[in-house]
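These protein sequence lines are chains A and B, in that order. Read in order, the letters of the first sequence are residues 1 to 255 in the numbering used here. Read in order, the letters of the second sequence are residues 1 to 491 in the numbering used here.
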Amino acid sequence: MGKKRSGLRMSAGWNYSMNGRNVRAGLWIDPRTKIAILLLCVLSAIMAPSMRYEMLLVLLIACFGIACREVRYSMIGALVYAAVYFITTAALKTHGSVQVMLVAFLGLVHKVYPCGILSGIIISTTKAGEFLSAMNRSHVSRKIVIPVAVMLRYLPTVREDWHFIKDAMKMRDISPSLKSFLMHPGMTIECIYVPLMMAASKTADELTVASVTRGIENPKTRTSIVRIGFGVWDVVVTVCFLALFLVGQFCKGVF
Amino acid sequence: MIELKQITFSYSGQEKGGLQDVNLTIQDGECILLCGRSGCGKTTITRLVNGLIPGFYAGDLSGKVLINGQDIADLPMYEIAEHIGSVFQNPRTQFFNVDSDSEIAFGLENEACPPEEMKKRIDITAKDLDIGHLRGRSLHELSGGEKQKIAFASVYAMNPDIYLLDEPSSNLDMNAIQDLKRHLALVKKQGKTILIAEHRLYYLMDIADRIVHMEQGRIAGIFTPEQFREISEAKREEMGLRAIDLNAVHPKAAFQVPSASMLELTGVSLHYQKHHVLGGIRLKAGAGEVIGIIGHNGAGKTTFSRALCGLHKKSEAQFIWNGHPQSCKDRLKRSYMVMQDVNYELFAESVRAECSFGIRKVEPGLVDSTMEKLGLIPYQDKHPNTLSGGQKQRVAVAVSMICGKELLVFDEPTSGLDFDSMVQVAELIRELSAAGKIIFIVTHDYEFICRTCSRVFHVDQGELCDDFPVSGVTENRIRKLFSIQQSAKED
């Protein structure tokens, strides 16, 4: 096993896995940069001058997602947003209370949607270990970092849980569809959240125990098998998001 | 050296699992096996030693736990973690990273091990444990057995003095258990101390130095493996323990062969996300048959059982029930799966409410009679989540009976169950079979197959390999499938 392995990161920002097998190829940026761009995205979305500008923001996020190899997710995200965009344009043409209701609701969707889709990309591309090491490097308190790391790790298990619950509901003749949700909202919600909560409390406990017994609380400065640090791509990505934010604020006439 | 001195403990708000006056000294390099019924306190002992009690689980504790003369109560969790490595039961919730290399490195990263040293340690770990093929893989695509290997590797990389394992084999197939056994033997040879709480005892007989039998929070007896082997079968079952030698376990009385076939499958071919999972399955089954589906972790057993229940849609197959072809929807109406983690199928706030939850047109008398039949009346007002694993399974079975389901699938019903619960599940399945249901059991448990199944259905590498009845005649064939070594090695 003395063979020298190729470096973990072959170029500044593109991450290749060990042994030539890809765990997750694609754009790699530091978790701290990810938090920074998420903040910029929140600001841009809140202070967006127009809908066209938001469409641009979503497109930028989708491009970022595709660079991170979250192709399917990003494409669907952008398409759904495009649909919302057209529904909103249509809603603006209606009159009276219908318009007020629709526009108020859709306005909220427009504010939240870009941040939601970006968070999704960030969560699915950030390893818990990477996140811990990066936060540790910046001396963020463990009291904040550890729960967030457990949460990061917990989120994917929700999807697995959901598959089991869906199966269980089908066998009980309760269909986990939108139609049954509208017909019997109480029962459908109960069916989803009772087992999900039960599973959640157990999973969270077990995850915490597994991490605590492997010394996650160790106060020493954590090392990392994946090199953590800022590279060219961190700058590029941040500049892109920052530029979009600034353009939105100072060149409002364009949109 | 680990010393437990005059330990008395009770969990807050929970009666089970406490300890009373426990004294135990474990020498360096010793391998101790803790056994006993569920709730006897064996897991509690492991939690005391790795500091999870009182660090994580609250309760009343008196007495002292000393590791090399140092009181564990004075040590912070991360310092304990450097000396004691813990492996737990559930492979799904033990890993913290998404890929195997980061996971093996996780403990080392926390210890602030320099990256160069870390890489070396990971290489050594992979070599020692023979898991090179699992490196650099996404953990989500690994089978349960492979995940458990990574969990062990992650602890091994930290090179602790003491290994603690809490029911590590519950979700493993026979081959994975053999690998676990090899890993434990390796660690023992390195002079490490091993403390392991288990229901499955047979694979540890060559490794354990002392076997501690616990009963209701007390140490009821300490045996050497030689003494332990001499315990008669009847006595052992009375102690609530599983078999210690699988060669001594034989299929129970033969089933009567069912008269006519009710269910017929032809040309079953299953896909999962464009991958071909299973093909060429033919099967005829009659009312009352109990069919054990066996095969390695990841051989397609789960996909097959989901297809049987009509939950898996990507299949080309003909399912015929009493001469009528069945669509997915028809199968969903006829069948019910008792999941490995039953919690997913329990929705209501009491057992009684659970029994009629979501079911249209329930006859009130039926709920009562079913609960009576399954012995659930004493628990009818309890919340399903407060029941034990075996009782939860009963509730799920009650639901299936009230829905009038005729085909039942049990997914690893005995994982993590003690001897008593295993016998109860076996009895339950016999009753269901007598009531004319067709039952499929996905399992890795040889002992359980001997007690319940009338037939074994072996799937491997995407196809049906074997299908034969369970009886004294086929005993050796079944053992071979489980790779049980003929004539266990006596020291």
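Note that CB positions come from ideal geometry on N, CA and C, so glycine has one too.
query: Enumerate in chain order the residues of its own chain whose CB-to-CB distance from A:K252 is below 6 Å, with the five nearest sequence positions on each side excluded.; result: P49
query: Using a cut-off of 8 Å between C-beta atoms, extract the partners of B:S154 located in chain A.; result: R214
query: Determine the direct distance from the alpha carbon of B:G462 to that of B:G300, and round the result to whole angstroms.; result: 7 Å
query: Which value, in whole angstroms, describes the spacing of the CA atoms of B:K120 and B:F304?; result: 42 Å
query: Cβ closer than 7 Å: which chain A residues qualify as neighbours of B:G107?; result: R214 and G215
query: Where do the N-terminal and C-terminal ends of the beta strand (DSSP E) with B:E463 fall, by residue?; result: E463 to P469
query: Let me know the secondary structure DSSP gives B:A307 once reduced to three states.; result: helix
query: Given that a residue counts as buried once 16 or more other Cβ atoms are within 10 Å of its Cβ, and exposed if not, what is B:P160?; result: buried
query: Taking the beta carbon of B:K147 as the centre, do at least 16 other beta carbons fall within 10 Å, making it buried, or is it exposed?; result: buried
query: I'd like to know if A:L27 contacts chain B, where contact means its C-beta is closer than 8 Å to some C-beta of that chain.; result: no
query: What runs of the beta strand (DSSP E), each 3 residues or longer, lie entirely inside the segment 31 to 101 of chain B?; result: 31 to 35, 59 to 67 and 84 to 87
query: Expressed to the nearest angstrom, what Euclidean distance is found between the alpha-carbon atoms of B:E103 and B:G375?; result: 44 Å
query: Identify the continuous beta strand (DSSP E) that holds B:A494 and give its terminal residues.; result: This structure does not reach residue 494 of chain B, given that chain B is present from 1 up to 491, and the question cannot be answered.
query: Buried or exposed: which applies to B:V187, given that a residue is buried once 16 or more other Cβ atoms fall within 10 Å of its Cβ?; result: buried
query: Closer than 9 Å by beta-carbon distance: list the chain A residues that pair up with B:R360, in chain order.; result: D173
query: Name the chain B residues that come within less than 9 Å of A:S74, Cβ to Cβ?; result: Correct list: empty, because the minimum Cβ distance to chain B is about 19 Å.
query: Would B:G63 and B:T8 qualify as a contact pair, given that the criterion is a beta-carbon distance under 8 Å?; result: yes
query: Under three-state DSSP, which class holds A:S124?; result: helix
query: Looking at chain B, is there any beta carbon in it that lies within less than 8 Å of the beta carbon of A:E206?; result: yes
query: Measure the alpha-carbon distance for A:A149 versus B:F95 and round it to whole angstroms.; result: 12 Å
query: When the cut-off is 8 Å and only beta carbons count, does A:I165 lie next to chain B?; result: yes
query: Once the 5 residues before and after A:S47 are set aside, which same chain residues still bring their CB inside 7 Å of it?; result: At residue 47 of chain A the sequence reads Met, which differs from the Ser that was named. Answer for A:M47: G248 and Q249, listed in chain order.
query: According to DSSP, is B:G18 part of a helix, a strand, or is it coil?; result: coil
query: B:E3 and B:L66 look like a contact to me (Cβ under 8 Å); what is the Cβ gap, rounded to whole Å?; result: 4 Å
query: Name the chain C residues whose beta carbon is nearer than 9 Å to that of B:F468?; result: Looking for chain C here will not work: the only protein chains present are A and B.
query: Rounded to a whole number of angstroms, what is the C-alpha to C-alpha distance between B:G389 and B:S12?; result: 20 Å
query: For a test of the three-state rule: what should DSSP assign to A:P49, helix, strand or coil?; result: coil
query: What in chain A is Cβ-close to B:Y344, meaning under 8 Å?; result: D161, F164, I165, D167, A168, P195 and A199
query: Assign A:S78 to one of two classes, buried (16 or more other C-beta atoms within 10 Å of its C-beta) or exposed (fewer than that).; result: Residue identity check: residue 78 of chain A is Ala in the sequence provided, not Ser. Answer is buried; the Cβ neighbour count reaches 16.
query: Give the residues of chain B in contact with A:E54, contact being defined as C-beta atoms less than 9 Å apart.; result: Those do not exist, as A:E54 stays about 31 Å from chain B at its closest Cβ, beyond 9 Å.
query: Tell me the start and end of each unbroken alpha helix (DSSP H) in the segment 205 to 267 of chain B that is at least 4 residues and wholly inside, in chain order.; result: 225 to 230 and 233 to 238
query: So, under 8 Å CB-CB, B:I244 and B:Y202 are touching, yes? Tell me the CB distance rounded to an integer number of Å.; result: 5 Å
query: Just confirm the distance between the C-beta atoms of B:P225 and B:M239, as a whole number of angstroms; I'd bet it's less than 8 Å.; result: Rounded, the Cβ-Cβ distance is 15 Å, inconsistent with contact.
query: Report yes if the C-beta distance between A:T223 and B:M337 is below 8 Å; otherwise report no.; result: no
query: Please return the same chain residues whose Cβ sits closer than 8 Å to the Cβ of B:G280, not counting the five positions on each side in sequence.; result: G267, V268, S269, E463 and L464
query: Residues in the same chain with beta-carbon distance under 7 Å from B:I122, minus the five sequence neighbours each way, listed in chain order, please.; result: D101, I104, A105 and A157
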